[in-house]
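Reviewing the structure listed below.
Residue numbers (my numbering): 877 to 1152.
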């Protein structure tokens, strides 16, 4: 694992010629005509990178780190995970695949972490790898004792404006006491930690989105005082629903796999290769 800063990653990009990594993380842009290797190596953070072994004395990037950056540059598909914990700034991470290689880039304020996640050549292996990385980012938690709840998204958005209207809406759904309590806690950002996951596919989106297609649904993992729940956004009969279920590893795994399958690559998500 490499731990550095946003500027440190910029230095490594400039030296290796990797113009773009994960734009969804809001990183420092690289301008090739201005941000030359010579200029980057004069940045104070270059000394820290040399001390960490990411750069050698000649200013060359460690070959393994160069490979990780190449995976980010040439990625075919990714999952963006945004983690919000009460009282803390959000953490964002991109779990990226190029061919069969997976690499993760995290950002928390000015700190970034870059590390390999492994390889996978089939859907089962890729699913296990992705869920393992999501679990590593979110940590392990007790599963909430919740009977699954299905909510109509359109009605939810039209009815809920604050905590009081949320309670009124949930009461109209005929939830039992435990369901009402857990769903209410899950909706309160001051009481629960929240991780939102969205799929990204390179090479098929509009030019204004850097040819990245963004998935049309999300999966959320929410840690409430009563335990972990999983919220899946699904479409059925041209209507959207939010399914709130216990946040077991199997529930999360199934929800994430369905999320990725809704990208244009469909069931070939684990092997899809973008056309450059």
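All C-beta atoms in this analysis are idealised placements derived from N, C-alpha and C, irrespective of residue type, glycine included.
Everything numeric in this text was worked out from a predicted model, so none of it was measured.
Annotation for residue 1146: 996, 998, 999 and 1002 place their beta carbon closer than 7 Å to its own, counting only its chain and skipping 5 residues before and after. Residue 934: not part of any beta strand (DSSP E); DSSP gives it neither H nor E. Under the Cβ criterion (8 Å, minimum of three pairs), the region 1007-1023 does not count as touching the region 909-918. Boundaries of the alpha helix (DSSP H) harbouring residue 916: 913-917, taken from the DSSP string.
Within the same chain, 892 come within 7 Å of residue 942 by CB-CB distance, once the 5 residues on both sides are set aside.
When DSSP states are grouped into helix, strand and coil, residue 1012 belongs to the helix group. Shown here, residue 1087 sits in coil according to DSSP, grouped into three states, outside any helix or strand. Judged by their CB atoms, residue 979 and residue 1079 are not nearer to each other than the 8 Å cut-off. Straight across, the Cα-Cα distance linking residue 994 with residue 1009 is about 10 Å. Of the residues 935, 1025 and 1142, the one whose Cα lies closest to the Cα of residue 1109 is 1025. As computed with DSSP, residue 1099 is found in a beta bridge with 1069 and 1104. Collapsing the DSSP output to three states places residue 967 in a strand.
Take residue 1088, set aside five residues on each side of it, and the residues of its chain with a beta-carbon closer than 6 Å to its own are 1076, 1078 and 1081, in chain order. Here residue 947 has 972, 974, 977 and 979 as same chain residues with Cβ atoms under 7 Å from its own Cβ, once five neighbours each way along the sequence are excluded.
The Cβ-Cβ distance between residue 900 and residue 970 falls below 8 Å.
The three-state reading of DSSP puts residue 977 in strand, counting E and B together.
Contact check for residue 1090 and residue 1098: beta-carbon distance about 21 Å, past the 8 Å limit, so the pair fails to qualify. With contact defined as three or more Cβ pairs closer than 8 Å, the region 1131-1145 and the region 1049-1069 are not in contact. In the displayed model, residue 1057 falls within a helix according to three-state DSSP. Apart from sequence neighbours up to five positions away, the residues of its chain that approach residue 966 with a beta-carbon distance below 7 Å are 958, 959 and 960, ordered along the chain. Counting C-beta atoms within 10 angstroms of its own C-beta, residue 952 has 16 or more neighbours from the protein chains shown and is therefore classed as buried.
Residue state for residue 1123 is assigned as coil, using DSSP reduced to three classes. Closest by C-alpha distance to residue 1072, out of 1113, 956 and 897, is 956. Judged by DSSP in its simplified three-state form, residue 1019 adopts strand. Taken in chain order, the complete alpha helix (DSSP H) segments of 4 residues or longer contained in the region 1029-1057 are 1029-1035 and 1039-1047. One alpha carbon belongs to residue 909, the other to residue 924, and they sit about 25 Å apart. Residue 884: member of the alpha helix (DSSP H) spanning 882-892, first to last residue.
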